[in-house]
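Asks:
Numbering (UniProt numbering), first residue to last: 1 to 175.
(1) Identify whether residue 16 lies in helix, strand or coil by the three-state DSSP scheme.
(2) As a quick exercise: from 60, 103, 22, 80, pick the residue whose alpha carbon is nearest that of residue 126.
(3) With distances taken from CA atoms, which of 63, 122, 107 is nearest residue 212?
(4) If you measure between the beta carbons of residue 183 and residue 101, is that distance less than 9 Å?
(5) What residue range is occupied by the uninterrupted alpha helix (DSSP H) comprising residue 94?
(6) Here's a check: name, in chain order, each residue in its chain whose Cβ is nearer than 8 Å to the Cβ of residue 77, leaving out the five neighbours to either side.
(7) Could you pull out every residue in the same chain whose Cβ sits closer than 6 Å to the Cβ of residue 161, ignoring the five residues on either side in sequence?
(8) Please report the straight-line C-alpha distance between residue 31 and residue 16, rounded to a whole angstrom.
(9) With burial defined as no fewer than 16 other Cβ atoms inside 10 Å of the residue's Cβ, what is the status of residue 154: buried or exposed?
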């Protein structure tokens, strides 16, 4: 008398083996969840700002960090209920962040190609900011010399930076 067929037993053994394998893997990952990502011989991550041999880059890193923090803070808005105005209100700080980072490259960088690209970023992002503001009927920021123009310096465009975040005159209250 046969209680179970071979086929039935085989399926149950495979199911049991699969369950045991999953359980063993789950148990191992529960002990050290990052174990799957460790590479033998790999060095732990050391951020550039923490490396002692990068102290000469500290002003550049500080300016970039400030630009990122300002951008992220300025992109956080109260929604107005007007999708277009809200989109512009979030994108303008994003573009301004790119401008601020490009200015840091111009101030501290030495690579001619990257400096050219930084100047192009400044011009294109300023144009996008103006186009977006015009599209929603907002006032434009006072014009300042372009970074592409000869004689333009970081200080000559600083006044533009100070007004570019605030000149949109958008109400950020929820309707």
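Built from N, CA and C at the ideal position, the CB exists for glycine as well.
Replies: In short, the structure shows the following:
(1) Indexing the chain shown from 1 puts residue 16 at position 16. Residue 16: helix per DSSP, three-state reduction.
(2) Residue 126 sits at position 126 when you count from the first residue of the chain shown. Closest by alpha carbon: 103.
(3) This structure cannot speak to residue 212, because the chain is shown only from 1 to 175.
(4) Only positions 1 to 175 of the chain appear in this structure, which leaves residue 183 out of reach.
(5) Working through the chain shown from its first residue, we reach residue 94 at position 94. Taken as a continuous stretch (DSSP letters only), the alpha helix (DSSP H) holding residue 94 covers 83-108.
(6) As a first step, residue 77 is located in the chain shown; it is residue number 77 there, counting from the start. Cβ neighbours of residue 77 beyond the five flanking positions: 86, 89, 90, 172.
(7) Indexing the chain shown from 1 puts residue 161 at position 161. Any reading at residue 161 must be qualified, since the residue scores a pLDDT of 44, below 50, and its modelled position is unreliable; the value itself is stated next. Same-chain partners within the cutoff: there are none.
(8) Here residue 31 refers to the residue found at position 31 of the chain shown. Here residue 16 refers to the residue found at position 16 of the chain shown. Their Cα atoms are separated by approximately 23 Å.
(9) Taking the first residue of the chain shown as 1, we reach residue 154 at position 154. Model confidence at residue 154 stands at a pLDDT of 46, short of 50, so the residue's coordinates are unreliable and nothing is read from them.
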